[in-house]
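**Q**
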Amino acid sequence: MEIIFSAILIGFLLSTILIGPVFFLLIETSLRRSWKTAVVLDLGVIAADILCIAAAYYGSKDFTDYVTSHPKFYRIYIIAGFFVLIYGIFMYFSKPKLHIESEAGFVSNNYIRTFINGFIMNLLNIGVIVFWFVIVSSIMIQYPRPSDFMLYMGVVLTTYFVIDLGKIFLAGKLQKRFTDQKVFMVRKGVGICLLIFGLIIILKGFGFFKEIDQKIEHQLINQEQTS
106 MEIIFSAILI
116 GFLLSTILIG
126 PVFFLLIETS
136 LRRSWKTAVV
146 LDLGVIAADI
156 LCIAAAYYGS
166 KDFTDYVTSH
176 PKFYRIYIIA
186 GFFVLIYGIF
196 MYFSKPKLHI
206 ESEAGFVSNN
216 YIRTFINGFI
226 MNLLNIGVIV
236 FWFVIVSSIM
246 IQYPRPSDFM
256 LYMGVVLTTY
266 FVIDLGKIFL
276 AGKLQKRFTD
286 QKVFMVRKGV
296 GICLLIFGLI
306 IILKGFGFFK
316 EIDQKIEHQL
326 INQEQTS
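Here my numbering runs 105 ahead of the position in the sequence shown, where the first position is 1.
1) For Lys141, count neighbouring C-beta atoms within 10 Å of its own C-beta (all shown protein chains included) and say buried if the count is 16 or more, exposed if not.
2) Restricting to Cα atoms, I'd like to know which of Ser252, Ile268, Gly223, Lys166 is closest to Val241.
3) For Ser120, which residues in the same chain have their Cβ closer than 6 Å to its Cβ, ignoring the five residues on either side in sequence?
4) If you run the structure through DSSP and keep just helix, strand and coil, what is Asn215?
5) With H, G and I counted as helix, E and B as strand and the rest as coil, what does DSSP make of Pro249?
6) For Thr263, which residues in the same chain have their Cβ closer than 8 Å to its Cβ, ignoring the five residues on either side in sequence?
7) Whether or not the stretch 147-165 and the stretch 296-304 are in contact is what I'm after, with contact meaning three or more pairs of Cβ atoms, one per stretch, closer than 8 Å; do they touch?
8) Determine, using beta carbons only, whether Leu146 and Thr219 come nearer to each other than 9 Å.
9) So, at 8 Å on beta carbons, what are the nonlocal neighbours of Tyr162 in its own chain, with the 5 sequence-adjacent residues on each side left out?
10) On the premise that Ile183 lies in contact with Phe311, defined as a C-beta separation below 8 Å, what is that separation, rounded to the nearest angstrom?
11) Which residues in the same chain as Ser207 place their Cβ atom closer than 7 Å to its Cβ, once the five residues preceding and following it in sequence are excluded?
12) Tell me which same chain residues have a C-beta within less than 7 Å of the C-beta of Val189, skipping the five on either side of it?
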């Protein structure tokens, strides 16, 4: 159950971190076109996410296998934490263009074209690519078994898609409440959370939580033996 709860949390975090042009495009598409067109657009976005996940998985597999087989090399957490810190700073200070001027250029009554446009738009977002490489590498280290990794990512993407469906069907209410200023406030809040999370990862790389990890591991082993 722990793996599922963790994956749901990451899926929710993903839907929060990636509030930007895609978020508003989904809402505007649902209002101006139809919820079906918005869903097709979102499926294209998620297809790009899946491609990024696959690329990150096969691109970093040798590296994560080495880290998993060499426990002393876990100071790689310092590097991972550094990247999370950088992304947190970017989230806090950046003010990206939230609205796409020509919605018609991305969305049409042709579902295939809309799907492809959603796919390309998400794939060209460097922030999404970096995000998935960091997340996938971390998950592969934590859950080295392919079956656990697939379950984790499946739950993450399902959670992300369900939340996107909520955005689509609640488009009218969200458009009124989520002004640009509020979105930037959310991004700042997420940026602060990422800064704290990155700092925790760095401290873990220096062994600050080693005793806590060992206690948790011993408790899990004892529970498995008694059950």
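Think of the CB as a built atom: it goes at the ideal place given N, C-alpha and C, for glycine as much as any other residue.
All figures in this text were calculated on a predicted structure; none of them were measured in a lab.
**A** So, from the data block:
1) Mapped onto the sequence shown, residue 141 falls at position 36. Lys141 should be labelled exposed.
2) The count along the sequence shown starts at 1 and reaches residue 241 at position 136. Of Ser252, Ile268, Gly223, Lys166, the smallest CA-CA separation from Val241 is found for Lys166.
3) Start at 1 with the first residue of the sequence shown, and residue 120 comes out as number 15. The answer, listed in chain order, is Tyr265, Ile268.
4) Taking the first residue of the sequence shown as 1, we reach residue 215 at position 110. If DSSP states are grouped into helix, strand and coil, Asn215 belongs with coil.
5) Counted from its first residue, the sequence shown places residue 249 at position 144. Coil at Pro249, not helix or strand.
6) Locating residue 263 in the sequence shown gives position 158, counting from the first residue. So the qualifying residues of the chain are Gly116.
7) In short, these stretches do not touch, since the Cβ pair count stays below three.
8) For this step, residue 146 is matched to residue 41 along the sequence shown. For this step, residue 219 is matched to residue 114 along the sequence shown. Closer than 9 Å, so yes.
9) Within the sequence shown, numbered from 1, the residue matching residue 162 stands at position 57. The residues are Val241, Met245, Phe254.
10) Reading the sequence shown from its first residue, position 206 is the one you call residue 311. Reading the sequence shown from its first residue, position 78 is the one you call residue 183. Yes, they are in contact, since the Cβ atoms of Phe311 and Ile183 sit about 7 Å apart, within 8 Å.
11) If you number the sequence shown from 1, residue 207 lands on position 102. With a pLDDT of 48 at Ser207, under the threshold of 50, the modelled position of that residue is not reliable, and no figure is offered here.
12) As a first step, residue 189 must be located in the sequence shown, where it is residue number 84. Excluding positions up to five away in sequence, the list reads Val239, Leu299, Phe302, Gly303, Ile306.
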